[in-house]
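Protein chains in written order, with the working numbering: chain A, 7 to 342; chain B, 7 to 342; chain C, 7 to 342; chain D, 7 to 342. From the three backbone atoms N, C-alpha and C, an ideal C-beta is built for every residue, glycine too. Written out below as structure tokens is the structure these notes cover.
4 protein chains.
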Amino acid sequence: MNSFGRLFRVSIFGESHGQLVGVILDGVPAGISISEDDLMADLARRKSGAAGTTPRKEDDIPHIRSGVFNGFTTGAPLVIQVENKNTRSRDYTELRKTPRPGHADFTAFKKFGGYEDYRGGGHFSGRLTTGLVAAGAIAKKLISPVTMETSILEVGGSEDIQAAIDKAVEEKDSIGGIIECRINGLPSGVGEPFFDSFEAVISHMVFSIPAIKGIEFGSGFAAAKMKGSEHNDSIIDTSGKTETNHAGGINGGITNGNVVVFRIVVKPTSSTHKTQRTMNFETRKIQDLQVEGRHDTCIALRVPVVLEAAAALATADLMMQSGEIKRINQPKDNIV
Amino acid sequence: MNSFGRLFRVSIFGESHGQLVGVILDGVPAGISISEDDLMADLARRKSGAAGTTPRKEDDIPHIRSGVFNGFTTGAPLVIQVENKNTRSRDYTELRKTPRPGHADFTAFKKFGGYEDYRGGGHFSGRLTTGLVAAGAIAKKLISPVTMETSILEVGGSEDIQAAIDKAVEEKDSIGGIIECRINGLPSGVGEPFFDSFEAVISHMVFSIPAIKGIEFGSGFAAAKMKGSEHNDSIIDTSGKTETNHAGGINGGITNGNVVVFRIVVKPTSSTHKTQRTMNFETRKIQDLQVEGRHDTCIALRVPVVLEAAAALATADLMMQSGEIKRINQPKDNIV
Amino acid sequence: MNSFGRLFRVSIFGESHGQLVGVILDGVPAGISISEDDLMADLARRKSGAAGTTPRKEDDIPHIRSGVFNGFTTGAPLVIQVENKNTRSRDYTELRKTPRPGHADFTAFKKFGGYEDYRGGGHFSGRLTTGLVAAGAIAKKLISPVTMETSILEVGGSEDIQAAIDKAVEEKDSIGGIIECRINGLPSGVGEPFFDSFEAVISHMVFSIPAIKGIEFGSGFAAAKMKGSEHNDSIIDTSGKTETNHAGGINGGITNGNVVVFRIVVKPTSSTHKTQRTMNFETRKIQDLQVEGRHDTCIALRVPVVLEAAAALATADLMMQSGEIKRINQPKDNIV
Amino acid sequence: MNSFGRLFRVSIFGESHGQLVGVILDGVPAGISISEDDLMADLARRKSGAAGTTPRKEDDIPHIRSGVFNGFTTGAPLVIQVENKNTRSRDYTELRKTPRPGHADFTAFKKFGGYEDYRGGGHFSGRLTTGLVAAGAIAKKLISPVTMETSILEVGGSEDIQAAIDKAVEEKDSIGGIIECRINGLPSGVGEPFFDSFEAVISHMVFSIPAIKGIEFGSGFAAAKMKGSEHNDSIIDTSGKTETNHAGGINGGITNGNVVVFRIVVKPTSSTHKTQRTMNFETRKIQDLQVEGRHDTCIALRVPVVLEAAAALATADLMMQSGEIKRINQPKDNIV
């Protein structure tokens with residue numbers, strides 16, 4: 007389903023080439039100062055424009071259409087919408103017959119019986135993360151002073167990001183990357199036992215971002231080569247501070263007060279300028295396919311702010327569940 | 007919360023040194039042939055006994071206490087319990103002051119204010135996966151003919167499992183490992199758009215297993231070094247079969263009819279015989295800690311069947327949501 | 007929270023004097039033929055205009071902003087919005103000090119700390135049922151050939167509706183009423199055991215409609231004066247048809263194949279032209295209060311179509327859970 | 007599904023003539039003092055024994071099997087079980103062919119395809135409310151100092167309860183009744199906007215109790231005959247106290263600080279000693295039916311404590327959502 011969260015719930019809607027994309031945020035505490043301007047910085051970070059990103063450009067002006075009154079959240083649901091403007095009307099009929107490798111064309115068809123909006127990926131498009139980023143900007147306000155920090159560790163197997171992008175553009179191919187997210191300032195005790203561990207809830211949310219194919223916390227896959235005596239983090243003060251942070255700030259699924267650290271892998275953009283092979287469902291023969299349209303050489307470049315948003319949304323919900331965020335932000339003075 | 011699933015829901019309970027561990031399964035279709043014997047094979051696979059596993063031995067006899075009548079599920083909730091027998095009563099008072107590195111001692115204390123059952127890890131213990139495995143044996147019946155297949159790829163950084171275990175035992179240390187899970191026979195179209203993608207739901211469930219610190223689907227983290235033209239899987243027949251399977255059987259969060267493949271990393275067992283350092287919360291000084299008790303040198307050896315159970319439970323719920331599993335298994339002949 | 011439903015989920019948003027009101031519908035099967043015109047008939051039934059209803063008039067043009075493509079639902083969420091146009095900007099400052107009896111002014115203030123949008127009832131306004139009615143029109147399509155039928159049994163204690171309204175208008179007071187809803191054509195077996203009985207889920211949804219203060223199924227409160235031998239409905243054919251229908255079509259929380267019948271009571275509209283007494287929270291003294299604005303003498307007149315919508319939404323979700331409604335409405339012919 | 011609650015969740019299991027009945031309670035705050043003795047008083051109130059109740063007698067000894075340690079809740083799920091002892095093994099084969107009027111025999115068969123445990127009502131039996139009452143005793147602790155108070159207003163249409171029972175026993179028939187519940191001491195601000203109003207959530211839970219066919223809050227159905235100026239409750243102090251309480255303590259779905267008052271109707275027990283008519287599904291002819299077994303002449307007599315339990319469980323969940331109940335009850339002194 008297109009909703010996530012128990013007390014702080016985000017619901018997503020829209021299509022790549024439809025009228026709009028957006029979100030509803032339910033369970034937002036009353037009394038948070040919010041304006042559309044507050045969302046612009048993160049939306050700008052998500053935009054394309056740099057080398058290696060798609061030439062499709064959108065203004066991405068967010069409209070908060072409910073749930074805010076006199077500059078503050080009211081406790082009622084926030085609807086945030088971003089209109090699609092730069093959609094190109096063209097004929098997708100031919101494309102329908104030849105599902106693009108790596109894309110959701112075939113699976114969406116199987117899931118929705120051919121009724122799906124297939125234009126530009128429809129509801130499966132990365133365009134939907136626009137709403138997620140807007141929602142994330144609000145979630146970041148809720149969890150403050152907890153902060154999110156992301157960095158691109160590598161793209162195309164190279165730590166020299168610019169060089170890797172240049173090479174991929176030249177080869178007319180696409181590349182993926184690895185991104186690290188750090189959540190600073192989280193108190194200990196966040197995360198629920200067993201099924202709603204901090205790792206479980208973050209992962210659930212993060213895998214909703216298109217193109218993510220893996221996640222690891224702390225030492226992650228490297229832990230498979232470590233010994234217990236190396237991997238265990240010694241507690242060195244009464245706040246729970248640890249000497250090392252192989253656990254990535256989480257023990258038994260619950261935050262331990264250290265920085266939460268996790269990394270994700272973004273697969274290479276499925277759309278490339280290279281000729282590929284796929285099945286033609288009309289002729290029932292395998293054929294060459296040239297994917298037209300505007301695409302990102304390396305979508306990983308635009309993922310950091312989306313990842314922050316996803317992590318902030320999941321963190322906010324867990325912090326509300328553990329009582330770290332209140333239903334009314336702060337008492338209002340001049341009432342009644 | 008200690009529940010997971012939308013239509014097929016598992017709830018877990020119990021403590022390592024309490025009376026019992028177990029699960030409730032709600033939403034089980036009526037008419038599935040089930041007996042306690044059906045659960046024994048998987049429970050036996052989870053047991054210790056082999057070199058590298060804990061000397062604590064439990065009979066692990068499952069009792070189905072409701073929801074089955076005349077050998078078939080009734081549609082009402084199944085309660086499955088396993089009594090704890092081999093619990094050692096000893097003094098944990100000293101231990102309380104010195105949280106064990108890598109364990110949930112400190113975080114459980116922060117979460118539950120000192121009321122938590124701290125004996126042997128309490129509700130955080132790997133002992134709770136007994137219930138999960140029993141539930142998984144039933145989930146496997148539901149999803150049949152879909153099957154789960156797991157293999158240990160490496161432990162302690164070595165593909166020679168026996169050698170790695172022997173070395174760790176000799177060093178009185180613990181080691182982790184990497185396990186692969188393959189889900190065979192899944193139809194295309196399973197998984198929900200956006201937040202409940204197949205990857206998201208599997209990951210949510212899998213991170214509930216203690217000691218898991220990472221998960222990757224298909225090529226996973228290796229995709230960061232691939233080009234799009236390499237990573238994309240060409241569709242080669244009208245069933246959706248692909249030439250390669252870098253996507254791990256999932257596009258856009260929805261199964262594509264190929265084998266679903268994912269890998270997890272199990273961290274080294276937190277309990278080791280090595281002397282470690284931790285904070286003493288009474289003296290407020292860092293001190294040496296010798297973790298007593300019975301432990302697994304390599305808990306990864308016992309994880310495969312738990313991983314299958316977790317994956318089967320999540321898969322069953324998603325298959326029910328997409329209509330692949332019916333509420334009544336098959337019509338009963340001789341009724342009324 | 008502002009969402010309802012397990013597989014077919016409606017989320018509501020908006021405020022009486024804000025920009026808009028509306029809903030998201032998630033879990034709508036793909037392949038349902040829908041246009042905005044399909045929603046107009048029910049929205050027209052909800053409108054004011056008749057004697058006894060508010061002079062506030064709105065065009066109530068619904069806009070489906072996502073989830074429909076080429077005239078059919080796609081399986082992605084539907085966003086339906088109705089813009090507010092006839093909102094009067096006036097000063098509510100004075101009103102804030104003196105909560106109106108019968109309204110949510112005081113409780114909203116207590117819940118949201120003064121940040122709530124108090125204009126015209128804000129998020130608590132009956133105006134939000136506009137979105138519910140639009141959603142209900144779609145739910146009715148899903149459950150077809152099951153149909154909803156409502157009738158006003160009495161208003162102001164009188165079965166002569168027109169006379170009762172005339173009298174109340176003359177007295178400058180407001181009145182309530184009793185409305186019956188019949189759900190025709192429901193198969194047996196709908197409703198879930200224990201907590202999600204058909205009665206429980208319908209009631210949950212129906213009490214979301216503002217001004218509803220009671221609900222009864224079948225003989226309802228009259229059953230308290232009946233004997234078991236009278237109240238029990240004899241089964242008279244193998245389809246489960248019963249001679250009488252004191253149970254209102256439900257046994258053990260599950261539909262029995264007969265008509266489902268229930269009645270609700272709508273309290274008198276809280277806003278009346280009569281002078282009332284309330285607390286002034288500034289002066290801290292009780293004072294007279296004259297409620298200004300446009301109101302319905304008898305809101306019960308406009309409730310039937312809202313009640314049908316609420317019942318259709320709840321019924322659709324339960325029918326999806328019991329497998330009576332499929333995820334894809336019907337196979338599409340002309341696709342790949 | 008057999009679960010209810012967002013943060014404080016009760017799951018129910020068991021069958022009338024199976025091994026046991028019981029509940030899981032998840033989300034119980036840590037640090038609540040609980041023993042099995044605390045549950046006995048309410049369980050005793052639910053028992054039969056008085057005139058007008060069934061001769062089936064059960065010890066109803068509750069066993070708390072997890073989630074309590076050293077006399078306090080730990081924050082982990084509580085499993086509470088009551089073994090069934092006084093089950094009579096007899097032949098139900100004949101009964102299967104002739105569904106009892108008023109019972110769930112026919113609907114359970116339709117829902118579960120003949121696999122349901124039909125002995126004594128199986129999972130649909132009032133016997134399951136034993137677990138609910140045990141859970142309710144814990145919920146009452148959580149919501150303290152809020153208290154529940156119930157009274158039987160009438161049975162069999164008579165306020166003289168004893169006389170009505172005697173008459174029904176003499177006539178070998180069964181009767182129903184009306185019960186009022188009052189929730190004292192609730193703060194204002196409890197209940198969620200729109201779909202999770204206080205009335206909606208209470209009703210959802212209350213209709214889970216077998217035999218309930220109606221609910222009304224405050225003036226309830228009588229409001230249909232009142233004028234707005236009569237029905238509205240004037241606020242007479244700054245705590246929100248109202249002069250009258252026609253609203254039953256709830257405005258806009260949110261508690262207003264006055265006593266919450268609601269009434270339910272309990273239908274006459276479906277089992278009576280009178281001969282009834284039903285369909286024989288084997289002969290496909292209508293025939294006489296004599297319902298054997300032990301039954302309550304007036305099950306309403308045993309409902310008050312069940313109603314308190316249901317209301318306490320729903321209230322506790324809503325109070326946790328609005329932040330009135332904390333995740334850790336009180337700090338523990340002597341820890342670490």
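Residues near residue i by beta carbon distance below 7 Å, same chain, minus five either side
{"i": "B/SER194", "result": "GLY246, THR261, ASN262 and GLY263"}
{"i": "B/ASP66", "result": "LEU49, LYS53, VAL88 and THR136"}
{"i": "B/ARG12", "result": "ASP323 and GLN327"}
{"i": "D/ASP123", "result": "GLU21, GLY24 and HIS129"}
{"i": "C/ASN335", "result": "PRO35, ALA36, GLY37 and ILE38"}
{"i": "D/LYS332", "result": "PRO35"}
{"i": "B/VAL311", "result": "ASP48, ARG51, ARG52 and VAL139"}
Extent of the continuous beta strand (DSSP E) to which residue i belongs
{"i": "C/GLY220", "result": "218-223"}
{"i": "A/ARG71", "result": "68-72"}
{"i": "B/ARG372", "result": "Given a span of 7 to 342 for chain B in the structure shown, any question on residue 372 of chain B remains unanswerable."}
{"i": "A/LEU84", "result": "84-89"}
{"i": "B/PHE201", "result": "B/PHE201 -> no beta strand (DSSP E), and no H or E assigned at all."}
Residues sharing a beta bridge with residue i, DSSP
{"i": "C/CYS304", "result": "The partner list for C/CYS304 (beta bridge, DSSP) is empty, contrary to what the question assumes."}
{"i": "B/GLY258", "result": "Paired residues: none, contrary to the question."}
{"i": "D/SER9", "result": "D/SER17"}
{"i": "B/LEU295", "result": "B/GLN282"}
{"i": "B/LEU324", "result": "Per DSSP, none; premise fails for B/LEU324."}
{"i": "D/GLY28", "result": "D/PHE19 and D/GLN87"}
{"i": "C/THR5", "result": "Absent from the model: residue 5 of chain C. The displayed extent of chain C is 7 to 342, so no value can be given."}
{"i": "A/THR248", "result": "A/ILE241"}
Enclosing alpha helix (DSSP H) for residue i [first to last residue]
{"i": "A/LEU148", "result": "135-149"}
{"i": "B/GLN168", "result": "167-177"}
{"i": "C/THR99", "result": "99-103"}
{"i": "B/ILE208", "result": "204-212"}
{"i": "D/GLU236", "result": "234-237"}
{"i": "C/ARG269", "result": "Careful: C/ARG269 lies outside any alpha helix (DSSP H), inside the beta strand (DSSP E) at 266-272."}
{"i": "C/THR113", "result": "111-118"}
Inter-residue CB distance, residue i and residue j (contact presumed, cutoff 8 Å)
{"i": "D/THR80", "j": "B/PHE118", "result": "6 Å"}
{"i": "C/GLY58", "j": "C/THR303", "result": "4 Å"}
{"i": "A/PRO61", "j": "A/GLY132", "result": "Between A/GLY132 and A/PRO61 the Cβ distance is about 15 Å, and since that is not below 8 Å, they are no contact."}
{"i": "A/SER277", "j": "A/VAL309", "result": "Going by Cβ atoms, the distance from A/SER277 to A/VAL309 rounds to 16 Å, so no, they are not a contact pair."}
{"i": "B/GLY127", "j": "B/ALA110", "result": "7 Å"}
Contacts around residue i, its chain only, beta-carbon distance under 6 Å, and the 5 residues preceding and following it disregarded
{"i": "B/ALA206", "result": "none"}
{"i": "D/SER16", "result": "In the sequence as presented, Ser is not what sits at residue 16 of chain D; that position holds Val. If we look at D/VAL16 and ignore the five residues flanking it on each side, its Cβ neighbours are PHE10, VAL29, LEU31, ALA141 and LEU319."}
Own chain residues within Cβ distance below 8 Å of residue i, not counting five before or after
{"i": "D/LYS63", "result": "LYS53, SER54, GLY55 and ASN92"}
{"i": "A/THR248", "result": "ASP239, SER240, ILE241, ILE242, ASN262 and ASN264"}
Within the chosen definition, does the stretch 134-147 of chain A reach the stretch 286-296 of chain B through at least 3 CB pairs nearer than 8 Å?
-> With a cut-off of 8 Å on Cβ pairs, the stretch 134-147 of chain A is not in contact with the stretch 286-296 of chain B, counting fewer than three such pairs.
Give a yes or no on contact between the stretch 164-181 of chain C and the stretch 194-206 of chain D, applying the rule of three or more CB pairs nearer than 8 Å.
-> Cβ pair count under 8 Å is below three, so no.
Is it true that the stretch 20-38 of chain A meets the stretch 83-95 of chain A, where meeting means three or more beta-carbon pairs spaced less than 8 Å apart?
-> Under the 8 Å Cβ criterion, the stretch 20-38 of chain A counts as touching the stretch 83-95 of chain A, having at least three qualifying pairs.
Stretch pair the stretch 262-277 of chain B + the stretch 226-233 of chain A: three plus CB contacts closer than 8 Å | With the cut-off at 8 Å, the stretch 262-277 of chain B and the stretch 226-233 of chain A touch.
Given 8 Å as the limit, is there contact between the stretch 184-191 of chain D and the stretch 148-163 of chain D, that is, 3 or more CB pairs closer than that?
-> A contact is defined here as three or more CB-CB pairs under 8 Å, and the stretch 184-191 of chain D meets this definition with respect to the stretch 148-163 of chain D.
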